[in-house]
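Chemist:
In the numbering used here, the protein residues as written are 14 to 164.
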């Protein structure tokens, strides 16, 4: 925390910080939640914000819901991936049958081995998630992929 120098004027017996506007916390948070503010964050990231010590303490001690959101993101992403994978696999088998190509036991075993490999990788990743740094990196990479897909 650094000290901030401000210009103060006297209006009606009250000290007013010049070029600053007082808004209720609820209004301020609503504006942030309802608008796209990424560019504003980048542009004004070093802009000082004056809040009461009690409010800052309450914000700092509030539970962090990013981890919960990230865990939900991972679960949903994996679920969607499994469903899409199964759909694509069935679509490929149907297309092969339409062209008169009957998958043999060896083809089905290769498909089963690929699915088992994916399951093993997921189990390994879940075990490695216990390391906090790895877990954060995994979440960040999944968020980047999600951002790329949603653009």
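Heads up, the beta-carbon is just placed ideally off N, CA and C, and yes, glycines get one too.
Could you name each continuous alpha helix (DSSP H) segment of 4 residues or more that falls completely within the region 46-96, going from the start of the chain to the end?
Modeler: The qualifying runs are 51-56, 66-74.
Chemist: Have a look at residue 21 and residue 160 and give me their C-alpha separation to the nearest angstrom.
Modeler: Roughly 43 angstroms separates the two Cα atoms.
Chemist: Using the C-alpha atoms, what's the distance from residue 125 back to residue 72?
Modeler: Cα-Cα distance, rounded: 49 angstroms.
Chemist: For residue 22, write down the residues that DSSP places opposite it in a beta bridge.
Modeler: In DSSP, residue 22 forms a bridge with 29.
Chemist: Assuming contact is defined by CB atoms lying nearer than 7 angstroms, are residue 155 and residue 70 in contact in what I supplied?
Modeler: Contact: no.
Chemist: Given a cut-off of 7 angstroms on the beta-carbon distance, is the pair residue 19 and residue 30 in contact?
Modeler: Against a cut-off of 7 angstroms, the Cβ pair of residue 30 and residue 19 comes out as a contact.
Chemist: Taking C-alpha atoms, which residue in 50, 101, 55, 65 lies nearest to residue 35?
Modeler: Among 50, 101, 55, 65, the Cα nearest to that of residue 35 belongs to 65.
Chemist: Which whole-angstrom value describes the C-beta separation of residue 38 and residue 68, a residue pair presumed to lie in contact below a C-beta threshold of 8 angstroms?
Modeler: The Cβ separation is near 6 angstroms, so the contact holds.
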